[in-house]
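Using numbering that gives the first Met the number 0, the first residue of the sequence shown is number 0, and each one after it goes up by one. Before any comments, here is the structure.
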Amino acid sequence: MSGSSHPHVTAPHGGNPVIRVIGWLSQLSGIVAALLILAAVAITCQMIFIRFVLNGSTIWQTEGVTYMMIAATMLGLPYVQYLRGHVNVDLLPLMLPIGLRKLLAFFVLLLTIAITGAMLWYGYHFWHEAWDWGETSNTPWNPKLWVPYLALPVGFGLYALQLAADFFAMLLKIEDPFGLGAEATLADIAERAD
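As structure tokens, this is what we get:
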């Protein structure tokens with residue numbers, strides 16, 4: 000869960016080795032996503048140079064960049080969750096007493112894990128079908144589609160893992176619901192804004 004009042008907060012692990020390893024995997028996933036974006040930018044520049052300077056044709060660049068950007072998005076999910084960077088509106092949690100705030104936080108995490116689990120399930124089947132059938136893209140480059148499709152189950156799997164770590168961190172009282180302390184209220188936030 001993210002807290003907008005704490006702009007550079009990462010997922011706390013409280014010394015728990017399992018939560019720490021999951022956080023490390025999320026960070027590694029973020030590094031891979033960033034490298035994919037850099038590679039996509041470099042390939043786009045190379046494509047522009049070939050097309051407009053050398054007046055040549057390109058075969059694989061557009062398709063490759065598209066696959067890289069989709070993979071970067073999927074692999075970036077756990078890292079953004081680790082950084083508490085997903086959109087969060089604190090109005091309702093701040094209006095609730097701490098007990099209801101905890102219930103809402105657990106409900107939101109469980110619902111998010113369920114939806115991510117469904118995406119993981121269907122992403123895995125989508126990938127496995129492409130791998131099993133040897134599907135290709137039917138373009139001049141014609142890559143095997145299981146390679147780019149692998150980002151779906153891996154990205155959603157790591158995202159579900161980070162969400163589960165967040166759930167257990169809250170359950171073990173390592174992290175406050177929504178990243179808000181028990182004393183945080185709307186009045187406290189309004190006072191800090193003045």
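Even glycine gets a Cβ: it sits at the ideal position worked out from N, Cα and C.
Among residues of its own chain, excluding the 5 on either side of residue i, which ones have a beta-carbon nearer than 7 Å to its beta-carbon?
i, result
"Gly116", "Ala159"
"Pro139", "Ile58"
"Ser3", "For Ser3, the predicted model reports a pLDDT of 45, less than 50, meaning its position is unreliable; a value from the coordinates is still stated below. The residues are Asn87, Asp89."
"Trp130", "Trp145"
"Phe125", "Tyr148, Leu151"
On the DSSP letters alone, give me the boundaries of the alpha helix (DSSP H) that residue i sits inside.
i, result
"Lys101", "97 to 132"
"Leu37", "16 to 47"
"Ile69", "60 to 81"
"Asp175", "Asp175 -> no alpha helix (DSSP H), and no H or E assigned at all."
"Gly55", "Segment: none, Gly55 is in no alpha helix (DSSP H) and carries neither H nor E."
"Pro92", "90 to 94"
"Gly156", "150 to 170"
Which residue from the options puts its Cα closest to that of residue i?
i, options, result
"Leu82", "Trp145, Leu171, Gly22, Pro152", "Gly22"
"Leu103", "Gln26, Leu27, His12, Asp175", "Asp175"
"Ile30", "Gly98, Val79, Pro96, Asn141", "Val79"
Which same chain residues end up closer than 8 Å to residue i when comparing Cβ atoms and leaving out the 5 residues on each side of it in sequence?
i, result
"Ile112", "Ala159, Leu162, Ala163, Phe166"
"Val64", "Ala39, Ile42, Thr43, Met46"
"Leu157", "Leu24, Ser25, Ser28, Leu74, Leu76, Pro77"
"Met169", "Met0, Lys101, Ala104, Phe105, Leu108, Asp175, Pro176"
Just to confirm, are residue i and residue j a CB contact at a threshold of 8 Å?
i, j, result
"Ala10", "Leu35", "no"
"Ile173", "Asn54", "no"
"Phe155", "Leu119", "yes"
Apart from the five residues just before and just after residue i, which ones in its own chain have a Cβ nearer than 6 Å to its Cβ?
i, result
"Ala32", "Ala71, Leu74, Gly75"
"Gln60", "Ile42, Met46"
"Gly13", "Ile173"
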